[in-house]
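Quick notes on the structure that follows.
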Amino acid sequence: EERASARWLLRHLELEPPQGGGGGDGGQPPLVLYSLEASVPESKWAPSREPSAIPSAVRNLLPNTQALLGDSEAHRFVLTLATAVMANAVAFTYLHRRARGLERVGRVLELLRLPVDRPAAKLRAAAMRVAERSIEARALQPKQEGGGLYGWQAADTLYALAPVVSPAAAYDLLLAARRDGNGEWELTHVSLAEPAETQVRLTRGGLATGESLAIAQAAVAEMIGAAESLPLAPSTRGAGRGGERRRK
Numbered sequence: 054e055e056r057a058s059a060r061w062l063l064r065h066l067e068l069e070p071p072q073g074g075g076g077g078d079g080g081q082p083p084l085v086l087y088s089l090e091a092s093v094p095e096s097k098w099a100p101s102r103e104p105s106a107i108p109s110a111v112r113n114l115l116p117n118t119q120a121l122l123g124d125s126e127a128h129r130f131v132l133t134l135a136t137a138v139m140a141n142a143v144a145f146t147y148l149h150r151r152a153r154g155l156e157r158v159g160r161v162l163e164l165l166r167l168p169v170d171r172p173a174a175k176l177r178a179a180a181m182r183v184a185e186r187s188i189e190a191r192a193l194q195p196k197q198e199g200g201g202l203y204g205w206q207a208a209d210t211l212y213a214l215a216p217v218v219s220p221a222a223a224y225d226l227l228l229a230a231r232r233d234g235n236g237e238w239e240l241t242h243v244s245l246a247e248p249a250e251t252q253v254r255l256t257r258g259g260l261a262t263g264e265s266l267a268i269a270q271a272a273v274a275e276m277i278g279a280a281e282s283l284p285l286a287p288s289t290r291g292a293g294r295g296g297e298r299r300r301k
């Protein structure tokens, strides 16, 4: 069996003048000692050998741009690269804004946090039962361990939202209640909102800095006022007398 051998043949040899002496426009061109025609066309990605002001050490790392301008494969490569860069930029921007939005929402919710005492827990449980009947979901649960409740409470009124989850989706449970003459709380409003909608409402305008409690309270009341309540049961009293702390 004969073994084939291969060797490199130098088909072009030229001498470039010193960097300070030319090589650019109007300078002394390279001295070509010899140049032979190639049997295979040179790749368009090969560096250009035309005189240039770019140092040869850099030029040898760059493709021949003039040859690539008319190459369809190069066009497809540039289009694919541009699409990938654009997709990554859009994804990064979206995730960055989402992260900042969640951070702002977290600050606003901390301003609105209410103590989940026994009356408040009963009201939330009653509101969850109303929501479960309306959306035919029998497994609504507080999203957070212990169940967070956010909003504001005056002497005889309460407006709040509570993040809840079901096996199929996540919601923000909106509820309002009033206290009657006997000191018992009764639900007056129950609805479900998309968390994305809540995020937009809680971070717009003056809430962008998460520093205004009054604006945050007004935003919760506005969300509840703008939403249509789910059908309430004949008796929606969720708590007994007293026991709650007020937040104004």
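54 is the number of the first residue of the sequence shown in this note's numbering; add one for each residue after it.
The C-beta atom is built at its ideal place from N, Cα and C for all residues, glycine as well.
Item	Value
Would you mind giving the Cβ-Cβ distance between residue 283 and residue 215, rounded to the nearest angstrom? I have them listed as a contact below 8 Å.	14 Å between Cβ atoms; not a contact.
Is residue 143 helix, strand or coil when you go by DSSP?	helix
Can you tell me whether residue 47 is buried or exposed? The criterion is at least 16 other CB atoms within 10 Å of its CB, across all chains shown.	The displayed coordinates of the chain run from 54 to 301. Any statement about residue 47 would go beyond what the structure contains.
Within a Cβ cutoff of 8 Å, which residues of the same chain sit near residue 201, ignoring the five residues on either side of it in sequence?	162, 166, 169, 195, 215, 216
Given a threshold of 16 other Cβ atoms within 10 Å of its Cβ, counted over all protein chains shown, does residue 146 qualify as buried or as exposed?	exposed
Please state whether DSSP places residue 84 in a helix, a strand or coil.	strand
So the alpha helix (DSSP H) residue 173 belongs to, where does it begin and stop?	171-188
Quick check on the burial criterion: 16 or more other C-beta atoms within 10 angstroms. Buried or exposed for residue 64?	exposed
Just grab the DSSP bridge partners of residue 246 for me.	225
Determine the extent of the alpha helix (DSSP H) in which residue 275 is found, giving its start and end residues.	266-279
With burial defined as no fewer than 16 other Cβ atoms inside 10 Å of the residue's Cβ, what is the status of residue 225: buried or exposed?	buried
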